[in-house]
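Final position of the sequence shown in the working numbering is 603; the numbers increase by one with none missing. Below: one structure, written as structure tokens.
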Amino acid sequence: MLLTSKEEAELGELVRKSALLNAVKHDGKAQPGAVIGKIMGEKPEYRDNVKKISTLINEVVQEVNSLPFEEQKRIAEEKWPEAFVKEKTEERRLPPLPNADKYSQVVTRYAPNPDCVLHLGSARAIVLCHEYARMYKGKFILRFEDTDPKLKRPVLEFYDLIRQDLAWLECEPDEEYIQSDRIPIYYEHAEKLLKDGNAYVCTCEPEDFRKRILAQRSCDCRDLPVEENLQRWKRMFEGGYKAGEAVVRVKTDLDHPNPAVRDWPALRVLDTQKYPHPRVGSKYKVWPLYNLAAGVDDHLMGVTHIIRGKEHLTNEVRQTYMYKHLGWRYPEAIHYGRLKITGASLSKSKIVQGMQEGVYKSWDDPRLATFMALRRRGIQPDAVKKMIKDVGPKTSDVILSWENLYAYNRKILDPTADRYFFVQTPIELTVKQVPKSFDVKLNLHPDHPERGFREYSVKPQGEDNHVTLWVSRKDIDESRVGTMLRLMELFNVKIEKANVFSAEGVFVSESYEDARKVKAQLIHWILIGKDMPCSVVMPDATLTEGVAESACRQLKPDGIIQFERFGFVRIDKNNAALTAYYAQK
Ligand SMILES: [Zn+2]
């Protein structure tokens, strides 16, 4: 099939449109396969010509991908604004909760153990619980599950840090509970279970009990009369048993296929002289275990929908026995799949260990995926929330990467962050034969000239009419002597000499067109004397040193800017020198 020149032009335009829109969607890199698919979908008549069209598509994709992201976006938004309007209105909603209409009010809860700060791995539970509560105009509860002073020892500072983390994520709870304030409530329910013969105090050696239960046989404690069990219960409080010597067990089917479900432990004796609780000290000897405390609380707090990871599936089975014993109805339970973020350590124990060993200096160390670290780097809470909402509560496992999070974050920062120049590893560039003074106005944002500009006056000095500028050693290293470079928004220069400390060049012309014709590299620069020292803390905790332009002096800590050709950074400190944290490209 031959195409008329009109058809060819039309096809070319269609390919360019698909490629640009695809590039904007994928961080500046259009995928040829996706573009081919799109074209074939819209123009099935070209299917016979796939080969020829693929060549054209590859060419166009390559050309589009060579444009800077800013440029791709500008062209795409200008030419096909409708494509962007559509995307904005397509805010994804979470799938409905099961049986929400059965309850007068939807109640969800997030229940952390205060033994660490929150991190990306916690985000799914928090965001889903909070969003669902908002979606149904319900209630979102924060419950500190701090009933293991021995192995999952809570630490006082984390109660507050977790509250702050939730505030940062804009997922503030409507109600808050702390389990260590509620110990008598758990006793009351344990006693009821014992009185009704639905639980017993087991004093067997753990190993003996394990062998019996694996063989689906009960221990002798199980069949003791209620009176005897209540006496044992009393003895647990009076110091009649040492830590580990007595456990309250909830009765289940002994032949349940999962041995971990059979007669699960609900309360135990702890040596709180040795392991005092940070909030209630040695006040209690008997402590509830996870399933009793969480199960009782979910019912008493009116939780209607438990949203948690599928590693809790067995806990639901265990608790269902207790709910039956107490005549309660188990809430709706949604168990989502694992969420892995490649390159991020989401193991709480590894984070805590790294802190204890001094590998990390603080909870907001940029190498960590803690909310505190994300905040310090300038990752926006809305980026985390949107990413989690898009993943939703599905049961399959999901693997994401930092790049996914950055893509969400870029959508927020790109239109808001002002642009500045930062020259890393600066060297001095002397440009000779500069014919006149240049008053340069650099827009703070390419799409928003109304936000203002930075202004620099570049005046030639001396007999040879030279100007001296800071440029990055990397930029000079990458260009050969004799090639032309364009100093952004200033002029074109030909490099004549370069070593690791300095470079020399000569003025060529002012016109951007000249630079474009020879595909000259565009580099940023800072006028010597109009600079300030600047260090950027990178995600691997190393420092990138350099100079920032003097307009950065007015920047306030916490602000987020884009250093052109370097990346988005959050201003951390700004005194005589600037310290910034690197967010992303
Ligand atoms: Zn026993």
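Using N, Cα and C, we set each Cβ at its ideal position, and we do this for glycine too.
Cut-off 6 Å between Cβ atoms - residues of its own chain near residue i, not counting five sequence neighbours on either side
| i | result |
| --- | --- |
| R427 | It should be noted that the sequence gives Asn, not Arg, for residue 427. Correct list, in chain order: I397, Q398, A401. |
| A569 | R472 |
| L174 | P296 |
| Q451 | N483, V524, F525 |
| Q580 | A435, R437, F586 |
| V145 | K403, I406 |
Residues near residue i in its chain [Cβ-Cβ closer than 8 Å; skip 5 each side]
| i | result |
| --- | --- |
| K591 | P575, T597 |
| A101 | L39, A94 |
For residue j and residue i, the rounded distance between their alpha carbons
| i | j | result |
| --- | --- | --- |
| L169 | L288 | 11 Å |
| V370 | K407 | 28 Å |
| D382 | L211 | 45 Å |
| V219 | R250 | 6 Å |
| A594 | V554 | 15 Å |
| A533 | D436 | 25 Å |
| K260 | Y599 | 51 Å |
| Y121 | T413 | 24 Å |
| A27 | N67 | 16 Å |
| T338 | P294 | 31 Å |
| R235 | L272 | 7 Å |
| V135 | I513 | 52 Å |
| Q479 | S84 | 37 Å |
| E105 | T560 | Because the pLDDT at E105 is just 48, under 50, the model does not fix this residue reliably, and the value given afterwards should be weighed accordingly. Those two C-alpha atoms are separated by around 38 Å. |
| S140 | K366 | 10 Å |
| M319 | K157 | 10 Å |
| W646 | L364 | Given a span of 19 to 603 for the chain in the structure shown, any question on residue 646 remains unanswerable. |
| P551 | E567 | 9 Å |
| L460 | G500 | 27 Å |
| K379 | D178 | 19 Å |
| G577 | E88 | 21 Å |
| G361 | S527 | 46 Å |
| F586 | K229 | 59 Å |
| H466 | G376 | 45 Å |
| Q80 | L21 | 23 Å |
| A387 | A311 | 29 Å |
| P352 | H323 | As written in the sequence, residue 352 is Ile, which differs from the Pro given in the question. Those two C-alpha atoms are separated by around 7 Å. |
| D495 | M502 | 13 Å |
| Q123 | K155 | 8 Å |
| K35 | P50 | 13 Å |
| H137 | R326 | 15 Å |
| E246 | Q182 | 48 Å |
| V409 | W420 | 14 Å |
| E108 | K43 | The pLDDT assigned to E108 is 48, lower than 50, so where the model puts this residue is not dependable, and the model offers no usable value. |
DSSP state of residue i mapped onto helix, strand, coil
| i | result |
| --- | --- |
| S84 | coil |
| Q90 | helix |
| L606 | Since the first residue of the chain shown is 19 and the last is 603, residue 606 is not available in this structure. |
| F176 | helix |
| N131 | coil |
| H295 | strand |
| H148 | helix |
| V449 | strand |
| R588 | strand |
| L455 | In the sequence under discussion, the amino acid at residue 455 is Ser, which differs from the Leu named in the question. S455 falls in the coil class under three-state DSSP. |
| P99 | helix |
| Q374 | helix |
| P114 | coil |
| E163 | coil |
| E63 | helix |
| N483 | coil |
| S475 | strand |
| R280 | coil |
Residues near residue i in its chain [Cβ-Cβ closer than 7 Å; skip 5 each side]
| i | result |
| --- | --- |
| D558 | R385 |
| L307 | P283, A284, L285, R286 |
| I430 | Q398, D400, A401 |
| G355 | K328, K412, T413, S414, D415, V416 |
| R65 | M58 |
| P277 | I231, L232 |
| Whole beta strand (DSSP E) elements within the segment 183-269, 3-residue minimum | The segment 183-269 contains these whole beta strand (DSSP E) runs: 193-196, 217-220, 265-268.
| task | For the segment 519-582, list the beta strand (DSSP E) runs that are entirely contained and at least 3 residues long, ordered along the chain. | result | 520-527, 539-541, 549-555, 561-567, 578-581
| message | Report the start-end ranges of each beta strand (DSSP E) in the segment 485-516 that is 3 residues or longer and not cut off at the edges. | response | 485-490, 502-505, 510-516
| query | For the segment 214-229 against the segment 264-281, are there 3 or more C-beta pairs whose distance is under 8 Å? | reply | yes
| Which runs of the beta strand (DSSP E) fall wholly inside the segment 376-426 and span at least 3 residues, in chain order? | Correct list: 416-419.
| task | Could you say if the segment 542-560 and the segment 440-450 meet the contact criterion of at least three C-beta pairs nearer than 8 Å? | result | Here the segment 542-560 makes contact with the segment 440-450; the two share three or more CB pairs at distances below 8 Å.
| query | Quick one: any contact between the segment 172-186 and the segment 307-316, if contact means 3 or more CB pairs under 8 Å? | reply | no
| message | I want to know whether the segment 123-133 touches the segment 150-164 - three or more CB-CB distances under 8 Å. | response | yes
| field | 4-residue-minimum alpha helix (DSSP H) runs that sit fully inside the segment 310-370, ordered along the chain | value | 331-344
| How do the segment 189-203 and the segment 237-246 stand: do at least 3 beta-carbon pairs fall below 8 Å, yes or no? | no
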